[in-house]
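Some notes on the structure that comes next.
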Amino acid sequence: TNSGIIELSYNEGYITSSCCSDEHCVGGIAGENLGGTIRNCYNTGTVVTIPNENRGQPNPGTAYGGITGVIDRAVTVENCYNTGTAGYGLFGNVGTATGMSVVNSYYLDTAASSAYPKAPETVENSGAKTAAEMGSEEFAALLGEAYQTSCPAPVFTWQNVVEHNFTDGACANCGAKAASAAPEKGD
């Protein structure tokens, strides 16, 4: 449970929870964000709930999301992204408290069917992106100074970059367009 600040953190691992109720929340960065801030974070790992032999199948409403399982209270989530498969792209459950703000946070359009089950109070510049968009220089710049372009998605400035494999103006791995692609003759 986060009620402070999580910043410049990432997860690349496979996260599982054997739960059956909304009381068990799991996310790529935090299980619960209750009055805290998650800033400049990303998840590329898969987040799932699995059956528990003592408690049966997971509840379809179980809170599991790419960034956090649940957000509630005066929460801020900004400059984050998720490319890992999860129940919801960003948050598994959104509480009813006021003061929740999600700014400049995104998820891979194939990782989940939606960002969250219901929208928080304030949502600005957030939502689904394609793999090509996430691999672009523009996406890294959109996330801010903490990030740099990498393939298939941005990494922090202190992390090693994976170079794009550009062929015919697009990356063969993620689909990102070459930033300085010259126009074809005759265009």
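Mind the numbering: the sequence shown is residues 1 to 187 in this note's numbering, read in order.
All C-beta atoms in this analysis are idealised placements derived from N, C-alpha and C, irrespective of residue type, glycine included.
No experiment lies behind these values; they were computed from the predicted model shown.
Quiz prompt | Three-state secondary structure (DSSP) of residue 143 | solution = Walking along the sequence shown from the start, residue 143 turns up at place 143. Helix at residue 143.
Practice problem: Can you tell me which of 142, 113, 76 and 88 puts its alpha carbon nearest to the alpha carbon of residue 121? | Solution: Counting from 1 along the sequence shown, the entry for residue 121 is found at position 121. The residue with the shortest Cα to Cα distance from residue 121 is 76.
Practice problem: Using alpha carbons as the reference points, say which of 159, 173 and 70 lies closest to residue 3. | Solution: Residue numbering aside, residue 3 sits at position 3 when the sequence shown is read from its first letter. Of the residues 159, 173 and 70, the one whose Cα lies closest to the Cα of residue 3 is 70.
Quiz item: Would you say residue 174 and residue 153 are within 9 Å of each other, going by their C-beta atoms?
Solution: What you label residue 174 is simply residue 174 of the sequence shown in a count that begins at 1. What you label residue 153 is simply residue 153 of the sequence shown in a count that begins at 1. Result yes, Cβ atoms of residue 174 and residue 153 sit closer than 9 Å.
Quiz prompt | Paired residues, beta bridge with residue 37 - DSSP | solution = Working through the sequence shown from its first residue, we reach residue 37 at position 37. 5 and 76.
Quiz prompt | Member of 7, 135, 30 and 86 whose CA lies at the smallest distance from the CA of residue 79 | solution = Working through the sequence shown from its first residue, we reach residue 79 at position 79. The option with the nearest alpha carbon to residue 79 is 7.
Self-check item: Cβ shell of residue 109 (< 6 Å), same chain only, five flanking positions each side left out
Solution: Taking the sequence shown and counting its residues from 1, the one referred to as residue 109 is at position 109. These residues qualify, in order along the chain: 128 and 130.
Quiz prompt | Inter-stretch contact at 8 Å, needing at least 3 Cβ pairs: the stretch 83–90 / the stretch 155–170 | solution = By the criterion of at least three beta-carbon pairs nearer than 8 Å, the stretch 83–90 is not in contact with the stretch 155–170.
Quiz prompt | Length-filtered (3 minimum) beta strand (DSSP E) runs lying within the stretch 103–135 | solution = Here the runs fully enclosed are 106–108, 122–124 and 127–129.
Quiz item: Between 94, 118, 95 and 82, which lies nearest to residue 104 when the distance is taken from Cα to Cα?
Solution: Taking the first residue of the sequence shown as 1, we reach residue 104 at position 104. Among 94, 118, 95 and 82, the Cα nearest to that of residue 104 belongs to 82.
Practice problem: For residue 118, collect the residues of the same chain with a Cβ closer than 8 Å to its Cβ; drop the 5 residues on either side in sequence, then sort them by chain order. | Solution: Here residue 118 refers to the residue found at position 118 when the sequence shown is read from its first residue. Taken in chain order, the residues that qualify are 94.
Quiz prompt | Alpha carbon of residue 9 to alpha carbon of residue 168, nearest angstrom | solution = If you number the sequence shown from 1, residue 9 lands on position 9. If you number the sequence shown from 1, residue 168 lands on position 168. Cα to Cα, residue 9 sits roughly 34 Å from residue 168.
Practice problem: Can you give me the Cβ contacts of residue 148 inside the same chain, cut-off strictly under 7 Å, excluding the 5 residues immediately before and after it? | Solution: Reading the sequence shown from its first residue, position 148 is the one you call residue 148. Around residue 148: 140, 154, 155, 157 and 161.
Quiz prompt | Span separating the alpha-carbon of residue 138 from that of residue 163 | solution = Here residue 138 refers to the residue found at position 138 when the sequence shown is read from its first residue. Here residue 163 refers to the residue found at position 163 when the sequence shown is read from its first residue. Approximately 15 Å between the Cα atoms of the pair.
Exercise. Under the assumption that residue 50 contacts residue 16 (Cβ atoms under 8 Å), give the Cβ distance between them as a whole number of angstroms.
Key: Mapped onto the sequence shown, residue 50 falls at position 50. Mapped onto the sequence shown, residue 16 falls at position 16. Separation of the CB atoms of residue 50 and residue 16 is rounded to 5 Å, and the pair is thereby assigned contact status at 8 Å.
Practice problem: For residue 186, count neighbouring Cβ atoms within 10 angstroms of its own Cβ and tell me buried if that reaches 16, exposed if not. | Solution: Reading the sequence shown from its first residue, position 186 is the one you call residue 186. Confidence is the limiting factor: at residue 186 the pLDDT is only 47, short of 50, which leaves the residue's position unreliable, though a coordinate-based value still follows. Residue burial annotation: residue 186 is exposed, with fewer than 16 other C-beta atoms found within 10 angstroms of its C-beta.
Exercise. Report the partner residues of residue 71 according to the DSSP bridge assignment.
Key: Locating residue 71 in the sequence shown gives position 71, where the first residue counts as 1. The partner list for residue 71 (beta bridge, DSSP) reads 33 and 94.
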